[in-house]
Amino acid sequence: MSDAIDTNELLTLVPKAQAKQSMKDFKSDQEVRWCPGCGDYAVLAAVQGFMPELGLAKENIVFVSGIGCSSRFPYYMNTYGMHSIHGRAPAIATGLATSRRDLSVWVVTGDGDALSIGGNHLIHALRRNVNLKILLFNNRIYGLTKGQYSPTSEVGKITKSTPMGSLDAPFNPVSLAIGAEASFVARTVDSDRKHLTEVLRRAAAHPGTALVEIYQNCNIFNDGAFEVLKDKERAEEAVIRLEHGQPIRFGADGSKGVVRDPATGDLEVVTVTAENESRILVHDAHTASPTTAFALSRLADPDTLHHTPIGVLRDVERPVYDTLMSDQLDTAVEQQGKGDLAKLLAGGDTWTVVG
Amino acid sequence: MTSQVSSPAEHADEADGARENGGAVGEQRAPRSGSAPRASHTSPTSPRSRTGHGPGPRDGSGAVPDGSERGESTRGEGESEKAVRRLDRVIIRFAGDSGDGMQLTGDRFTSETASFGNDLSTLPNFPAEIRAPAGTLPGVSSFQLHFADHDILTPGDAPNVLVAMNPAALKANIGDVPRGAEIIVNTDEFTKRPMAKVGYLTSPLEDGSLDGYQVHPVPLTTLTIEALKEFGLSRKEAERSKNMFALGLLSWMYNRPTEGTERFLRAKFAKKPQIAEANVTAFRAGWNFGETTEDFAVSYEVAPADSAFPTGTYRNISGNLALSYGLVAAGHQADLPVYLGSYPITPASDILHELSRHKNFGVRTFQAEDEIAAIGAALGAAFGGALAVTTTSGPGVALKSETIGLAVSLELPLLIVGIQRGGPSTGLPTKTEQADLLQAMYGRNGEAPVPVVAPQTPADCFDAALEAARIALTYRTPVFLLSDGYLANGSEPWRIPEPAELPDLRVPFATGPNHELPDGTEAFWPYKRDPETLARPWAVPGTPGLEHRIGGIEKQDGTGNISYDPANHDFMVRTRQAKVDGIQVPDLVVDDPDGARTLVLGWGSTYGPITAAVRRLRKNGTAIAQAHLRHLNPFPRNLGEILKRYDKVVVPEMNLGQLATLLRAEYLVDAHSYNQVNGMPFKAEQLATALKEAIDV
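Chains X and P supply the protein sequences, listed in that same order. Going by numbering that gives the first Met the number 0, the first residue of the first sequence is number 0, and it counts up by one from there. Going by numbering that gives the first Met the number 0, the first residue of the second sequence is number 0, and it counts up by one from there.
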């Protein structure tokens with residue numbers, strides 16, 4: 000187990016695995032039914048591969064999903080799981096996590112599930128900081144309903160439901176999460192197993208809600224949507240890899256960097272020179288203020304995905320809802336004693352009728 | 000319990016001794032055979048002593064007068080002699096502006112009355128606006144209380160006494176008050192503008208429109224301000240205590256114990272001792288006003304209703320409080336933590352408030368972002384092994400429908416508490432109705448049967464909650480508990496049960512494999528059912544070896560794996576229905592002492608008015624049978640047979656005939672609907688007339 004995961008005290012409430020686990024232990028007996036070539040396979044493999052590292056008893060792990068292609072995920076994990084209804088997974092998982100602190104609860108959702116029909120539950124889970132790990136598979140399209148535009152599709156998207164192009168501006172899930180008071184926000188890409196696993200590790204290590212946006216290719220209805228971030232040559236210029244404590248540089252030989260414009264306070268991408276090198280922003284995921292993380296999330300161009308930051312944008316400690324709820328129960332027992340039913344029922348003014 | 004359908008009343012009606020004008024009659028709640036029990040009041044107050052010192056310490060000699068005969072006596076030695084008239088029951092209505100504190104006044108009078116040992120029934124009635132425009136008709140808030148020396152079933156049809164704090168209150172309520180009744184009006188408010196606001200061109204106190212009533216004009220505001228002049232309060236602050244002055248006056252009129260109210264005021268305003276004392280002073284001033292002024296020549300006594308109650312310890316309880324206690328008790332009896340997911344909505348929010356105070360019972364309350372999240376969180380907790388509950392009202396039920404369907408598919412225990420209010424849409428949030436029965440029965444996509452349980456009196460909400468929990472836990476199913484606004488806010492005495500009397504609701508979690516595969520290996524099948532109940536195992540996360548996945552997609556029988564097989568779907572649909580149809584519920588009991596040809600069948604909160612109406616009919620020599628349904632889905636096994644026994648079946652409902660529709664569909668019976676959808680409970684007299692007409696047709 001990595002040091003990072005050990006820092007999450009809440010994980011000590013979850014029983015550990017008795018024996019060493021392997022990826023195989025987390026594969027269920029169900030045939031995986033995503034389209035061949037779907038990005039979901041890679042994410043599934045990465046999660047199944049990461050779970051043994053987490054080292055938790057698998058009966059204490061629960062995957063909860065909504066509706067959509069990605070939401071079939073729980074069926075393929077040999078843990079407890081619930082494939083629920085459209086958009087509601089964060090709400091259902093909240094009930095489970097807040098009533099059972101001995102469980103490690105993961106939510107699997109998509110861009111339609113989390114940001115359209117279930118937008119309300121997502122933002123409130125983030126604001127409360129319930130101890131959930133939310134994996135948001137973003138393919139920028141509705142796959143299960145066969146190809147309508149989604150709330151993350153670029154403006155002008157031609158789909159079955161928008162033959163003349165979509166009209167609505169997309170959400171940037173990372174910006175949205177930061178705006179919703181999220182304590183942990185990260186972005187990764189389905190095809191980068193190593194990066195994806197590292198982000199999962201960091202999410203697992205975070206006490207509270209962790210939102211991980213995973214760019215995921217839908218090879219049937221939106222193929223190549225993230226190609227610019229995957230293609231080796233173009234990715235160098237398009238992807239900004241964030242690492243805590245490191246200067247934010249990218250491009251060939253780190254030729255590009257992110258600096259703060261002293262006039263507006265906003266962030267901008269510059270070509271690194273001897274003069275401006277000292278001004279290159281050093282990434283601090285743990286800073287209390289969300290301002291810089293938000294500004295970083297806005298560097299990406301929603302159409303071309305140029306200057307897309309990946310990695311952990313924000314990772315701060317904030318009181319966890321489950322813990323606070325549990326503490327109130329303990330306090331109530333301390334102050335009033337353990338509940339006595341007979342006493343409760345006979346409270347208030349009473350009178351007695353004797354035979 | 001006092002809430003069961005009773006055997007024939009021994010003496011159904013005692014109206015004769017009551018005020019002649021009242022129109023309402025007393026109805027026997029639960030007749031007892033044998034000698035009447037004695038009452039021993041544990042509340043610290045006793046009825047006012049005969050020496051008549053008013054509120055404050057008493058000499059303790061004030062025993063309850065012998066209630067064997069009614070009549071007048073005179074009070075006091077060395078004081079102005081005032082007659083004390085004995086009554087068997089009284090209906091009082093306090094009415095005022097929303098800001099006048101009428102609900103509090105009614106609550107206090109109720110507490111005094113409960114601690115005195117009368118039987119009682121209450122009907123709060125208030126606008127949805129927190130502060131409707133002052134002095135207007137829509138802003139009128141009222142509280143009706145019926146109390147008696149015998150058992151009663153309803154808050155009463157028509158008040159014997161109306162307290163009207165302003166012209167709007169008089170105008171809004173006078174139509175319900177029969178001539179001859181007493182009206183206490185706050186004359187200070189009967190000035191030109193407030194009267195004009197509600198369309199009184201001349202003062203009803205002077206223009207003869209109140210002829211025939213016994214009007215007591217009392218300058219309540221002036222008297223209150225006068226009584227509080229020592230306190231150095233502003234006029235506005237002092238005025239606020241006028242409801243306590245009125246309460247004091249009424250407490251004198253009806254010989255109510257007063258210490259409870261004084262204690263209550265001091266506790267309520269503990270942080271503002273000056274305000275506390277001002278209210279106590281106003282309260283006492285009201286009492287003393289009654290004692291001394293010539294206008295009130297008579298006070299009344301209503302003896303404790305000892306013979307109406309079985310032996311036990313009692314308290315007064317509202318439906319929502321009883322329901323909340325029922326949920327706490329259900330968690331206790333099931334040995335499971337209670338988890339409430341809720342979103343505030345009238346008239347259900349009180350349950351959220353109440354349960355949030357009982358964290359020391361391990362009760363978790365989660366105020367969600369919306370109705371859908373509220374039930375979602377509850378369902379998540381049910382998956383984790385909690386006794387999960389969501390509380391709401393009609394519009395909230397609509398929002399929860401999809402998740403209820405998921406719970407049907409997942410076959411997890413879940414209580415959906417619907418406190419019905421006027422609909423459709425936002426409707427009448429603070430008024431009562433029974434129009435969500437069909438929504439509870441059918442308001443989901445697909446074949447999604449859900450058991451429905453309905454309480455019938457405020458105190459019965461406790462038992463109904465336990466019964467709903469029993470069904471949910473035993474059969475692993477969502478269950479509707481359908482209360483309504485009248486039960487929620489109304490109150491009555493409740494015999495407090497001992498925890499040992501409560502049902503054992505414990506059910507086992509799955510702990511190991513439940514199926515042997517053809518190759519001899521053991522497996523856990525999440526949808527392998529109990530052959531008796533058809534319930535599937537409740538295997539909660541954290542149990543090793545039972546890892547499984549469930550969802551809203553159709554499942555293969557047994558394994559629970561996704562299945563699109565047509566025959567399997569047909570089988571699963573029928574099996575889920577069979578599970579609900581097979582739920583064991585008690586047979587329906589019919590009360591039919593005279594071999595009647597007509598049956599009146601109700602459900603939910605109409606129990607009180609229907610039973611009262613039935614007693615009236617029987618007293619007048621009309622035979623009628625009565626039965627009341629607690630279980631709406633499934634119906635009791637013997638219901639069909641009972642319906643066939645009668646020539647006529649009349650179904651009174653506060654909707655347009657929803658139960659009648661179900662009965663007609665299920666049993667091909669020509670059920671006659673009698674409906675009222677005006678936001679108020681039935682009045683017993685009106686119902687009696689309707690039933691009589693139905694019988695005579």
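Think of the CB as a built atom: it goes at the ideal place given N, C-alpha and C, for glycine as much as any other residue.
C-beta neighbour in chain P for residue i, strict 8 Å
i, result
"Ala92 of chain X", "yes"
"Gln47 of chain X", "no"
"Gln29 of chain X", "yes"
"Leu102 of chain X", "yes"
"Gln327 of chain X", "yes"
"His123 of chain X", "yes"
"Tyr389 of chain X", "Any answer about residue 389 of chain X is impossible in this case: the structure gives chain X only from 0 up to 354."
"Glu58 of chain X", "yes"
"His120 of chain X", "yes"
"Tyr79 of chain X", "yes"
"Ser115 of chain X", "no"
"Gly111 of chain X", "no"
"Met324 of chain X", "yes"
"Leu343 of chain X", "yes"
"Leu135 of chain X", "no"
Residue environment, residue i, which counts as buried when at least 16 other CB atoms sit within 10 Å
i, result
"His40 of chain P", "Confidence at His40 of chain P is low in this model, with a pLDDT of 42, below 50, so the placement of that residue is unreliable and no value is reported for it."
"Lys159 of chain X", "exposed"
"His331 of chain P", "buried"
"Asp87 of chain P", "buried"
"Phe293 of chain X", "buried"
"Ile495 of chain P", "buried"
"Ala45 of chain X", "buried"
"His306 of chain X", "buried"
"Tyr563 of chain P", "exposed"
7 Å Cβ cut-off: residues of chain X touching residue i
i, result
"Phe508 of chain P", "Ordered by position in chain X, no residue passes the 7 Å Cβ test against Phe508 of chain P, which lies about 13 Å from the chain."
"Phe308 of chain P", "Val352"
"Asp305 of chain P", "Val352"
heavy atom of the ligand ATP below 7 Å from residue i C-beta
i, result
"Val173 of chain X", "Here there are no bound small molecules, and the ligand ATP is not part of this structure."
Closer than 8 Å at the beta carbon, the chain X residues around residue i
i, result
"Glu236 of chain P", "Simply none; closest approach about 29 Å."
8 Å Cβ cutoff, residue i in contact with chain X
i, result
"Glu368 of chain P", "yes"
"Pro343 of chain P", "no"
"Ala376 of chain P", "yes"
"Glu665 of chain P", "no"
"Phe699 of chain P", "This structure leaves residue 699 of chain P out entirely; chain P is present only between 0 and 696."
"Ser114 of chain P", "yes"
"Val327 of chain P", "yes"
"Thr476 of chain P", "no"
"Arg548 of chain P", "yes"
"Ala269 of chain P", "no"
"Glu497 of chain P", "yes"
"Tyr324 of chain P", "yes"
Under 9 Å from the C-beta of residue i: neighbouring residues of chain P
i, result
"Ile239 of chain X", "Here the premise fails: no neighbours, minimum Cβ distance about 33 Å."
"Ile213 of chain X", "Neighbours of Ile213 of chain X on chain P: none; closest Cβ ~21 Å, over 9 Å."
Beta-ladder partner(s) of residue i, from DSSP
i, result
"Pro123 of chain P", "P:Phe142"
"Glu521 of chain P", "P:Glu515"
"Ile239 of chain X", "X:Pro308"
"Arg92 of chain P", "P:Gln143 and P:Leu161"
"Phe62 of chain X", "X:Gly80 and X:Trp105"
Where residue i meets chain P, residues with beta-carbon distance less than 7 Å
i, result
"Lys337 of chain X", "Asn359"
"Ile84 of chain X", "Glu401, Thr402, Leu405 and Gly551"
Contact list for residue i against chain X, beta-carbon separation under 9 Å
i, result
"Tyr313 of chain P", "Thr349, Trp350, Thr351 and Val352"
Stretch-stretch touch, CB-based, cutoff 8 Å, three pairs: the region 120-138 of chain P with the region 648-664 of chain P
Contact between the region 120-138 of chain P and the region 648-664 of chain P is absent, because fewer than three Cβ pairs lie under 8 Å.
On the three-pair Cβ rule with 8 Å, is the region 148-165 of chain X touching the region 336-350 of chain X?
Judged by Cβ distances under 8 Å, the region 148-165 of chain X makes no contact with the region 336-350 of chain X, as fewer than three pairs qualify.
Contact between the region 263-279 of chain P and the region 232-248 of chain P (3+ Cβ pairs under 8 Å):
Because the criterion of three Cβ pairs below 8 Å is met, the region 263-279 of chain P and the region 232-248 of chain P touch.
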